[in-house]
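Here's the structure we're looking at; comments come further down.
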Amino acid sequence: MTPHEFAALRKNFPVKDEEGLNDFQRLPDDTGIVVEQVGINRFRLPLNYNHTDGRVMNHDTEATMLVRLDSGKTGVNMSRLVLILQEEGQKGVVNMAMIDRVLHRYQTEMRDEPQEPMLKDISLKLEFSYCLPQQSLKSNHSSWQFYRSFIEGKRTGDTTRLFLGVEYEYSSTCPCSLSLAHQYEDDYHDGKTTEGNGIATAHAQRSIAKVAVEVDPEENFWLEDLVLLMRETIPTETQAIVKRVDEQAFAILNGSHPIFVEHAARKLHIAFNHDERILDWSASIEHQESLHSHNAMAKIQKGIPNGLRA
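If you use the numbering used here, the sequence shown corresponds to residues 771 to 1080, in order.
Printed below as a string of structure tokens:
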């Protein structure tokens, strides 16, 4: 909009809202350009989430709400996006039904006029820290493990797609380093070397797998199921409560599961493809090296056309 056009609008604004105020977003647009996604991100609100054991927990949530803006439209009513989400969030817990209600209301209530076609290509993404109880490896203690997570619903027409994601932290012992440490200890024991004191430690590091999956909305698959699948696939998860007996057990566990970043990628490939509830998936994995000054990383995905990408 040129300064001249804006000045002309000040004198005779053509569109007013119900309170008689100038309604800028309802002005016509003559550029002929479609904006594929427009809306709000990083809107914070508390929402209640279900756990599979029946527990309901409240989590600080950041929401991203996006809709498609067709040509001929100047803008969207941003506050309406927020109000709809808050209204639905106050009715109960976040689940597939709640997400579907929000998306349907975006389709219908984000229109300027009731006779207009329903909006296309809308999405709602909720990001938060999801927590699950974690039992210590040996001692009789438990605590909470937190997972940076997201739930995302995307709707086109009458079809809603559901996406879940978590960040899973684990310890990775380098197979090469472990092998070299054992080789040295054997050589020292056999008298082939007098270097050191006969004890060598393999290097290990904190590692992070950021995974995203698309699941069938009709299936009973939730964030907890995704975390449990990760725990089963890569069992050396970082620990919340550790006594000495747990620390020793963790050392044994790491020694039993040495893993390169390439191994982690392939393990996830097998696990995700084997679970029929998972329609699509991607994973970005980083081993934050304790030996090198750089990190090792891998990216992998199911690879379906127009699917998820790491």
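Ideal Cβ placement from N, Cα and C applies to all residues, glycine included.
Straight-line gap, N820 to M827 (C-alpha atoms, nearest Å): The residue you call residue 820 lines up with position 50 of the sequence shown. The residue you call residue 827 lines up with position 57 of the sequence shown. As the crow flies, the alpha-carbon of N820 is around 7 Å from that of M827.
Runs of beta strand (DSSP E) lying entirely within the region 915–979, each at least 3 residues, in chain order: 929–943
Can you tell me which of the three DSSP states M880 falls into? As a position in the sequence shown, residue 880 is number 110, starting the count at 1. Coil, per DSSP.
Assigned secondary structure, K861 (DSSP; H/G/I helix, E/B strand, else coil): Here residue 861 refers to the residue found at position 91 when the sequence shown is read from its first residue. Note: K861 maps to coil in three-state DSSP.
Among L1078, H1062, S1060 and R1047, whose alpha-carbon lies nearest the alpha-carbon of S1054? Position 284 of the sequence shown holds residue 1054. That would be L1078, whose Cα lies nearest to the Cα of S1054.
S1108 lies in the alpha helix (DSSP H); which residues open and close that run? Not covered by the structure: residue 1108. The range shown for the chain is 771 to 1080.
Using 8 Å for Cβ pairs, my map puts A982 next to S1052. What's the rounded Cβ distance? Here the question's residue 982 lines up with position 212 in the sequence shown. Here the question's residue 1052 lines up with position 282 in the sequence shown. In this structure, A982 and S1052 form a Cβ contact; the two beta carbons are roughly 5 Å apart against a cut-off of 8 Å.
Decide yes or no for the touch test of the region 840–851 against the region 906–914: beta carbon pairs closer than 8 Å, at least 3 of them. no
Endpoints, the alpha helix (DSSP H) within which A1035 is located: Working through the sequence shown from its first residue, we reach residue 1035 at position 265. Bounds of the alpha helix (DSSP H) holding A1035 are V1031 to H1044.
Alpha carbon of E897 to alpha carbon of K924, nearest angstrom: What you label residue 897 is simply residue 127 of the sequence shown in a count that begins at 1. What you label residue 924 is simply residue 154 of the sequence shown in a count that begins at 1. Near 15 Å, if we compare the C-alpha coordinates of K924 and E897.
Within 9 Å, strictly: CB atoms of G809 and L853: Along the sequence shown, read from residue 1 onward, the residue named residue 809 stands at position 39. Along the sequence shown, read from residue 1 onward, the residue named residue 853 stands at position 83. Cβ atoms of G809 and L853: not closer than 9 Å.
Which term fits Q877, buried or exposed, when burial requires 16 or more other beta carbons within 10 angstroms of its beta carbon? Residue numbering aside, residue 877 sits at position 107 when the sequence shown is read from its first letter. With 16 or more Cβ atoms within 10 Å of its Cβ, Q877 is classed as buried.
Beta-carbon proximity list for E937, same chain, < 7 Å, skipping 5 on both sides: Numbered from its first residue, the sequence shown carries residue 937 at position 167. Excluding positions up to five away in sequence, the list reads Y917, R918, I978 and K980.
Measuring straight from C-alpha to C-alpha, what distance separates G1083 and N1076? Here the chain has residues from 771 to 1080 only, and residue 1083 is not among them.
Does G935 pass the burial test, meaning 16 or more other C-beta atoms within 10 Å, or should it be called exposed? Reading the sequence shown from its first residue, position 165 is the one you call residue 935. When all chains shown are included, G935 counts as buried.
Using beta-carbon positions only, say whether A1068 and V1031 come within less than 9 Å of one another. Looking up residue 1068 in the sequence shown gives position 298. Looking up residue 1031 in the sequence shown gives position 261. It is a contact, given that the beta carbons lie within the stated cut-off.
Please name the residue or residues paired with H911 in a DSSP beta bridge. One-based indexing of the sequence shown puts residue 911 at position 141. Bridge partners of H911: none, in fact.
Using the beta-carbon count (16 or more within 10 Å), is H1057 buried or exposed? The residue you call residue 1057 lines up with position 287 of the sequence shown. When all chains shown are included, H1057 counts as buried.
The region 1000–1018 touching the region 939–956, judged by at least three CB pairs closer than 8 Å: yes
In terms of DSSP beta bridges, what is D1050 paired with? Against the sequence shown, residue 1050 aligns to sequence position 280. Beta-bridge pairing links D1050 to E984.
So what does DSSP say about I869, is it helix, strand or coil? The count along the sequence shown starts at 1 and reaches residue 869 at position 99. Helix at I869.
In terms of alpha-carbon separation, which member of H1039, V837 and E1046 lies closest to K890? Looking up residue 890 in the sequence shown gives position 120. Cα-wise, what sits closest to K890 is V837.
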